[in-house]
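Visitor: Attaching a single structure in structure tokens format; questions to follow.
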Amino acid sequence: MELTSRETWAVIHGLVLGTIYLLAFGGALAGLWSLRPGLVSTAGLTERMKRLYVGFGVMAVTAWLTVITGSWIVYPWYREKLAGDDFATCAGLDVPSAACSPRDFLLSNASGNTEEWHKLGMEWKEHIGWAAPLLATSAFLLVVYYGPRLTSRPWLRTAVIVMLVGGFAAAVVAGGFGAFINKVSPIV
Amino acid sequence: MTTTQHHDEQLAPELTGLQLVDKPDGPGAAMMISAGFGIFVLGLLTVLGEASTGMSTWLAKWQWGQGVGGLAGKTTVASIAYFVSLAVLWVIWRAKDVNVKMAFYVGLALGVLGAIATYPTVFEQFAP
């Protein structure tokens with residue numbers, strides 16, 4: 009039972025950091041959603057805000073780590089041009105190899121109609137995923153800046169929730185395509 | 059310099075015991091607009107990288123030999139744009155009450171435009 013260095017980084021990028029982000033999102037959304045007058049006492053507010061600061065902070069840090077490891081560590085392995093313009097070394101393969109990168113493998117259609125996974129899936133994922141840390145960072149800063157005042161300002165609270173969910177939606181697109189692409193054409 | 063009273067304690071009596079000082083909305087507006095601006099720059103660079111070979115080459119220079127390609131330039135410049143716009147607007151508006159609803163809608167519009175521009179079917183329309 010072992011993982012190569014590349015597989016380990018793919019797991020850290022997609023599974024470990026993705027899971028932490030997902031957990032932090034659930035807690036942050038639930039905590040912010042119920043931050044309303046009449047639902048939390050003064051003492052409860054102090055305790056709730058500490059958890060919100062940590063939750064939003066973890067989301068922002070995790071989002072940055074996810075896109076940085078993805079773009080600067082895993083993505084270069086994915087996009088290596090090893091097979092040439094005709095993808096000759098991908099012929100007959102069921103998975104990528106040392107002579108056929110995951111990108112080459114998808115574009116070669118060597119194992120069925122796979123090129124759209126790159127042309128649509130990866131091309132969208134690699135860009136839109138970077139919206140997540142920007143939105144998560146601003147949402148975190150808004151929660152820290154306004155703090156308990158968000159209780160009395162439903163419109164502002166809704167705006168932060170929209171940013172939080174927007175960032176999560178971007179992460180879902182990136183993470184979803186990443187999971188499927190790694191299934192069809194794994195980093196090896 | 060203007061700061062308004064938001065009357066938070068009247069709207070949520072739970073806040074009374076916390077002795078909160080009123081804060082201007084300028085920094086909050088900066089946080090909202092800068093996020094949308096960063097995403098807009100990401101989308102704009104994605105389109106420009108597709109439309110222009112020169113821009114594509116310039117964006118790829120940001121990869122520092124790591125094999126990331128043009129994505130390095132798009133995402134690094136967009137991140138810089140985000141942090142710089144955040145810092146500049148925060149400083150300019152640090153003591154002002156900016157219309158935070160308007161700021162949210164401006165940020166939302168910029169963000170939606172940028173996100174649309176990152177969709178392959180859209181940015182490929184600009185390929186020469």
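Chains as they are written, first to last, in this note's numbering: chain V, 9 to 196; chain F, 59 to 186.
C-beta: ideal position from N, C-alpha, C; glycine also.
Between which two residues does the alpha helix (DSSP H) harbouring Phe148 (chain V) extend?
Guide: From DSSP, the alpha helix (DSSP H) with Phe148 (chain V) extends over 139 to 154.
Visitor: Just by C-beta distance, which residues in the segment 160 to 179 of chain V are closer than 8 angstroms to chain F?
Guide: Ser160, Arg161, Trp163, Leu164, Ala167, Val170, Met171, Gly174, Ala178
Visitor: Does the beta-carbon of Asp102 (chain V) have 16 or more other beta-carbons within 10 angstroms, so that it is buried, or is it exposed?
Guide: exposed
Visitor: So the alpha helix (DSSP H) Ser92 (chain F) belongs to, where does it begin and stop?
Guide: 84 to 109
Visitor: Can you name the start and end residues of the alpha helix (DSSP H) that His135 (chain V) belongs to?
Guide: 131 to 136
Visitor: Tell me whether the segment 103 to 116 of chain V and the segment 38 to 53 of chain V touch, counting them as touching only if at least three CB pairs, one residue from each stretch, are closer than 8 angstroms.
Guide: no
Visitor: Just to confirm the assignment, what range does the alpha helix (DSSP H) spanning Lys159 (chain F) have?
Guide: Per DSSP, Lys159 (chain F) belongs to the alpha helix (DSSP H) from 158 to 175.
Visitor: Give the C-beta separation of Gly73 (chain F) and Thr176 (chain F) to the nearest angstrom, bearing in mind that I take them to be a contact with Cβ-Cβ under 8 angstroms.
Guide: Rather than Gly, the amino acid found at residue 73 (chain F) in this sequence is Leu. The pair is not a contact, with the Cβ atoms about 40 angstroms apart (cut-off 8 angstroms).
Visitor: Looking at Gly128 (chain F) and Arg87 (chain V), is the spacing between their C-beta atoms short of 8 angstroms?
Guide: no
Visitor: Residues of the segment 107 to 129 of chain V with a CB closer than 7 angstroms to any CB of chain F: list them in chain order, please.
Guide: Lys127, Leu128
Visitor: What are the residues in the segment 132 to 143 of chain V lying within 7 angstroms of chain F by C-beta distance?
Guide: Trp132, Glu134, His135, Ile136, Trp138, Ala139, Leu142, Leu143
Visitor: Taking the C-alpha atoms as reference points, what is the distance between His135 (chain V) and Gln68 (chain F)?
Guide: 44 angstroms
Visitor: So, is Arg59 (chain V) buried or exposed, given that buried needs 16 or more other C-beta atoms within 10 angstroms?
Guide: exposed
Visitor: For Glu131 (chain V), which of V:Ala144, V:Ile28, V:Gly183 has the nearest alpha-carbon?
Guide: Of the candidates V:Ala144, V:Ile28, V:Gly183, the one whose C-alpha sits nearest the C-alpha of Glu131 (chain V) is V:Gly183.
Visitor: If I follow the unbroken alpha helix (DSSP H) through Gly39 (chain V), where does it start and stop?
Guide: 25 to 41
Visitor: Here's the rule I'm using: 16 or more other beta-carbon atoms within 10 Å means buried, otherwise exposed. How should Ile174 (chain F) be labelled?
Guide: exposed
Visitor: So that I know if they touch, is there some Cβ in chain V lying closer than 8 angstroms to that of Gln77 (chain F)?
Guide: no
Visitor: To the nearest angstrom, how far is it from the Cα of Pro104 (chain V) to the Cα of Gly92 (chain V)?
Guide: 14 angstroms
Visitor: I'd like to know whether the C-beta of Val164 (chain F) is nearer than 8 angstroms to at least one C-beta of chain V.
Guide: no
Visitor: Tell me whether Glu182 (chain F) is buried or exposed, calling it buried when 16 or more other Cβ atoms sit within 10 Å of its Cβ.
Guide: exposed
Visitor: Check whether the Cβ of Glu88 (chain V) lies closer than 8 angstroms to any Cβ atom in chain F.
Guide: yes
Visitor: For Trp116 (chain F) and Gly131 (chain F), I'd like the C-alpha separation in whole angstroms.
Guide: Computed Cα separation, rounded: 8 angstroms.
Visitor: Quick one, which residues of the segment 34 to 51 of chain V are near chain F if we go by CB-CB under 7 angstroms, in chain order?
Guide: Listed in sequence order: Pro45, Val48, Ser49, Thr50.
Visitor: Throw me the rounded Cβ distance for the Thr77 (chain V) and Ile20 (chain V) pair, which I believe falls under 8 angstroms.
Guide: 6 angstroms
Visitor: Nearest chain F C-beta to Tyr29 (chain V) closer than 8 angstroms, yes or no?
Guide: When Cβ-Cβ separations below 8 angstroms define contact, Tyr29 (chain V) makes no contact with chain F.
Visitor: Distance check for Leu73 (chain V) and Val24 (chain V), CA to CA, integer angstroms please.
Guide: Leu73 (chain V) has its alpha-carbon roughly 11 angstroms from the corresponding atom of Val24 (chain V).
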